[in-house]
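In terms of our numbering, the sequence shown is residues 36 to 521. All C-beta atoms in this analysis are idealised placements derived from N, C-alpha and C, irrespective of residue type, glycine included. Just so you know, these numbers come straight off a predicted model, no measurement behind them. Here the structure is laid out as structure tokens; the discussion comes afterwards.
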Amino acid sequence: MVDSWVNSAERIGADLHLELAGPGGRRAALIGALREAVRSGRLAPGTRLPPYRSLAADLGVARNTVADAYAELVAEGWLTARQGSGTRVADRAQPLRRTERTPGRTPLRARGPRHDLRQGTPDASAFPRAAWLASYRRALQQAPNEVFGPGDPAGRRELREALAEYLARARGVRTEPERIVVCSGFAHGLRLLFGPAGGGVLRGPLAVEAYGLDFHRELLTAAGVRTVPLPLDADGARVERLVRERAVLLTPAHQFPTGGPLHASRRAAVIDWARARGGVIVEDDYDGEFRYDRKPVGALQGLDPERVIYIGSVSKSLSPALRLGWMVLPERYLDGVLAAKGEREAWASVLDQLSLADLIASGAYDRHVRRMRQRYRGRRDRLVEALTAQAPHVEVTGVAAGLHAVLRLPPGTERAALKAAVWQGVALDGLAAFRHPATDRATDMPTEDGLVVGYATPPEHAYAAALDALCQVLPPPDTRRGPASG
Ligand SMILES: Cc1ncc(COP(=O)(O)O)c(C=O)c1O
36 MVDSWVNSAE RIGADLHLEL AGPGGRRAAL IGALREAVRS GRLAPGTRLP PYRSLAADLG
96 VARNTVADAY AELVAEGWLT ARQGSGTRVA DRAQPLRRTE RTPGRTPLRA RGPRHDLRQG
156 TPDASAFPRA AWLASYRRAL QQAPNEVFGP GDPAGRRELR EALAEYLARA RGVRTEPERI
216 VVCSGFAHGL RLLFGPAGGG VLRGPLAVEA YGLDFHRELL TAAGVRTVPL PLDADGARVE
276 RLVRERAVLL TPAHQFPTGG PLHASRRAAV IDWARARGGV IVEDDYDGEF RYDRKPVGAL
336 QGLDPERVIY IGSVSKSLSP ALRLGWMVLP ERYLDGVLAA KGEREAWASV LDQLSLADLI
396 ASGAYDRHVR RMRQRYRGRR DRLVEALTAQ APHVEVTGVA AGLHAVLRLP PGTERAALKA
456 AVWQGVALDG LAAFRHPATD RATDMPTEDG LVVGYATPPE HAYAAALDAL CQVLPPPDTR
516 RGPASG
């Protein structure tokens, strides 16, 4: 067997890994290896193959062996040979079709929806590439060599210092860099807290809002944590219903997905509960920067840093693909979370951490957030205008903040609206998808019909068409109670 990395970079621009194995001699083995490389897509249509001589030298085979193999593959249609342009992979040679996996909640049709109004993702076209690049360059230039050694699981000091200043200033978080642990986002923070199979820093049962992100509930269930739904009303989670639980997960700045802030009296009440019962509040501050109509609602953590675990990330402000977040911890949980993270940083790239530190310290992060706030506010306004004009009977809620709104529908019409959305090529979710499955049994909270509309995702040029399509999906004004929605 000859196993070789053929370095013909000057001719084909890339290394070509070929394994000459199997029965039938080297010619057959080379034919088989080249065929496999084309079939799998490793050699793309149009790629120029190395000349006989250099491939023969690299593989340690006779020049004629390569010439014969090429001729055979030309005859089979895998390759083409043309005077002056050498031997190339034929244009029609089809690589193996890759399996498409589509992230997100709503399964996309083969060609995908025409309009993506799913909540969850910021406008990807607005990622601040130039500012990030400038920060990355500065970070790389200034980084001491020790940066490239094993990382501290708490995260880079530069980032924790920048975050401590930013979170205090922008979100009212009371902390110091020593209380911050860098993580790869909120989901990672939850995993660190609740650990595998109940072995984490916190234990269930965990009270959660009756409507919340199903992904987080599933993650908790997989970690062996039982979640108990807390009903919601116009003032947010009904925290007076906390009984036996010792931990509660809340989205106080902007209830996800229904959209209101936790009322001041409830904020005070849940802190009182934590103090009286030795409880802890896990605060998910997923989009606190994006508040439009009123003064920003500060973090609950500011009321009592010893009773609140505060978690945030760049997933809404920059991109969920960066996988960069932070936990601000009461002192008693620090060691446990660091132990759960492991001896070395295994999650957040040091250069991403340093780039974000620079982005924040240079003021570019604030400028980006301000710019995006304006853009999303404009989108929010256009959504409300479109609904006022085309579907005035549909109530829009949760519009004072964030990147999504909830359209309240008449009882029993949610499912039909979601079906209509599929027909219209609109991807969005219904409220039912976010309802805790035990809500009916555990609370007196009625089922609510509605659509959760993310207005950040479509590119600017496609937004107007997405709004038109959305309005087509909504039930007409005279819809009466239909079949019960799930
Ligand atoms: C309710 C909620 N919490 C937190 C997040 C952020 O999660 P992560 O930081 O893991 O990307 C999201 C999604 O963006 C969310 O919808």
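Buried versus exposed call for residue i [16 or more other C-beta atoms within 10 Å across all chains shown]
| i | result |
| --- | --- |
| serine 350 | buried |
| valine 236 | buried |
| serine 120 | exposed |
| phenylalanine 221 | buried |
| proline 185 | exposed |
| threonine 423 | exposed |
| aspartate 268 | exposed |
| serine 300 | exposed |
| glycine 392 | According to the sequence provided, residue 392 is alanine. The question's glycine does not apply to it. Under this definition alanine 392 is a buried residue. |
| leucine 225 | buried |
| aspartate 370 | exposed |
| histidine 496 | exposed |
| aspartate 158 | buried |
| glycine 155 | buried |
| glycine 377 | exposed |
| aspartate 464 | buried |
| phenylalanine 183 | exposed |
| tryptophan 308 | buried |
| aspartate 328 | exposed |
| glutamine 507 | exposed |
| histidine 52 | exposed |
| glycine 295 | buried |
| arginine 312 | exposed |
Span of the alpha helix (DSSP H) around residue i
| i | result |
| --- | --- |
| glutamate 495 | No alpha helix (DSSP H) holds glutamate 495; DSSP gives it neither H nor E. |
| arginine 62 | 60-74 |
| leucine 108 | 98-111 |
| leucine 453 | 449-459 |
Residue i, DSSP secondary structure in three states
| i | result |
| --- | --- |
| threonine 474 | helix |
| threonine 432 | strand |
| alanine 467 | helix |
| arginine 443 | strand |
| methionine 407 | helix |
| valine 349 | coil |
| histidine 223 | helix |
| alanine 282 | strand |
| aspartate 93 | helix |
| threonine 82 | coil |
| histidine 289 | coil |
| histidine 298 | coil |
| valine 274 | helix |
| valine 260 | coil |
| valine 419 | helix |
| glycine 578 | Beyond the ends of the chain as shown, which are 36 and 521, falls residue 578; an answer cannot be given. |
| glycine 489 | strand |
| leucine 534 | Nothing in the structure corresponds to residue 534, since the chain is present only between 36 and 521. |
| alanine 426 | coil |
| alanine 56 | coil |
| arginine 77 | coil |
| tyrosine 327 | coil |
| leucine 265 | strand |
| alanine 462 | strand |
| alanine 242 | strand |
| glutamine 507 | helix |
Residue i: first and last residue of the uninterrupted beta strand (DSSP E) it sits in
| i | result |
| --- | --- |
| glutamate 483 | Unbroken run through glutamate 483: none, as it is neither H nor E. |
| threonine 122 | 121-124 |
| aspartate 319 | 315-319 |
| arginine 117 | 114-117 |
| alanine 269 | Where alanine 269 is concerned, there is no enclosing beta strand (DSSP E), given that its DSSP letter is neither H nor E. |
- Item | Contiguous alpha helix (DSSP H) assignments of at least 4 residues, all confined to the segment 146-215 | 164-177 and 192-206
- Can you list the residues near ligand 1, meaning Cβ strictly closer than 6 Å to any non-hydrogen atom, in the order they appear in the chain? Gly155, Gly220, Phe221, Ala222, Leu248, Thr286, Phe291, Asp319, Tyr321, Ser348, Ser350, Lys351, Pro355 and Gly360
- Secondary structure, alpha helix (DSSP H): runs of 4+ residues fully inside the segment 351-395: 366-376
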